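Have a look at the structure below before the remarks.
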Amino acid sequence: MKKLFILAALSAASLTAMTSCGQGSAKMTTDMDTLAYAIGTDLGSMAFSFDSTLNPDILAAAVKDVFNKEGKMSREEAGAFIQEYMTVGLARKNAKAGREFIAEAVKNGADTLASGLAYKIDDPGSDTKVALGDSIYVKYTLTLPGGKELEKTPEAVPMLLEPPYLIKAWTEGIPLVGEGGKITLYAPASLAYGESGTRGIGPNQALKFEIEVTKVVANHDPQYRKSESQK
């Protein structure tokens, strides 16, 4: 929420040059002009990162209204609306986008599990299969449905394939390949970070993982091997 309060605070002191000089043609002749444009640039970047579908004309109009003391919302009302959007509107929007994202993956050839996980096995790997409880080394790339890359490991990282430590999409999807295997997972939010999301991932956000299992260190605990053989 810190970013949202900064957004609200900056809205009272930015984009002046853009609204007064015309879109894309702001002329900076003084330090104050440059400062106004710099703050506007920062606000615009922040707003775009928050939601790239925001209407920049409405954003600029709101700033101008605040400067002219003609705002249609108080700061408190604006903050409350943003909070409501974050908890309800954005979650609803992400849920719809997530369903469409998974459906598109299936349309393009992905298989599915009963849980709703969609996947493509790019390389099945060796006969050394992965099972719950195993230690694995993986390389992976995490992207959002729109294609924005959130995380990419330059080298293989060790992980323990157990539900308490990894999201369900991984514990369900990774055992579909063996050592050396590559798989792409299209995870609905219910198998990822759910309604709450996490850092950089919104509520009800579907995710795409491209995973390569570089090494498997089997856990020979009979509890795990028995449970896997009964599946």
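Numbers -19 to -1, 1 to 212, taken from mature numbering (1 follows the signal peptide of the UniProt record, and there is no 0), label the letters of the sequence shown in order. The C-beta atom is built at its ideal place from N, Cα and C for all residues, glycine as well. Predicted model only: the values in this text are computed from it and were never measured.
Of all alpha-carbon atoms in K149, S171 and I117, the one lying nearest the alpha-carbon of E193 is that of I117. DSSP places M67 within a helical segment (H, G or I) once states are collapsed to three. Annotated as proximal: L166 and A150, with beta-carbon spacing under 8 angstroms. In this structure G154 touches Y100 by the C-beta definition: roughly 5 angstroms separates them, less than 8 angstroms. In this structure the region 160 to 179 touches the region 87 to 105; the number of beta carbon pairs closer than 8 angstroms is three or more. S33 and A137 have their alpha carbons spaced roughly 32 angstroms apart. Assigned with DSSP and collapsed to three states, K50 falls in coil, not helix or strand.
When rounded, the separation of the alpha-carbon atoms in M67 and G175 is 14 angstroms. If you draw a 10 Å sphere on the C-beta of I39, you find fewer than 16 other C-beta atoms in it, and that means exposed.
When DSSP states are grouped into helix, strand and coil, T93 belongs to the strand group.
Here the C-alpha atom of G106 lies approximately 20 angstroms from the C-alpha atom of L98.
For R73 and E132, the gap between their C-alpha atoms comes out near 24 angstroms. Here the alpha carbon of L125 sits roughly 10 angstroms from the alpha carbon of G183. Taking the Cα positions, G114 is about 33 angstroms away from G127.
Under the 10 Å beta carbon count, N185 is surrounded by 16 or more other beta carbons and is classified as buried. In terms of CA proximity to N200, V111 leads the group I148, A173, T134 and V111.
The region 140 to 197 contains, as complete beta strand (DSSP E) runs of 3+ residues, the segments 163 to 168 (chain order).
The secondary-structure analysis by DSSP pairs Y121 across a beta bridge with I192. Contact between A28 and L35 holds, with the beta-carbon distance rounding to 5 angstroms and staying under 8 angstroms.
DSSP places D115 in no alpha helix (DSSP H); its state is neither H nor E. In this structure, T195 and V119 form a Cβ contact; the two beta carbons are roughly 7 angstroms apart against a cut-off of 8 angstroms. Beyond the five residues adjoining it in sequence on each side, M9 comes within less than 6 angstroms, by CB distance, of T15 and Y18 in the same chain, given in chain order. Under the three-state reduction of DSSP, D108 is assigned to coil, being neither helix nor strand.
Between S96 and L172, the beta carbon gap of about 6 angstroms places them in contact (Cβ cut-off 8 angstroms).
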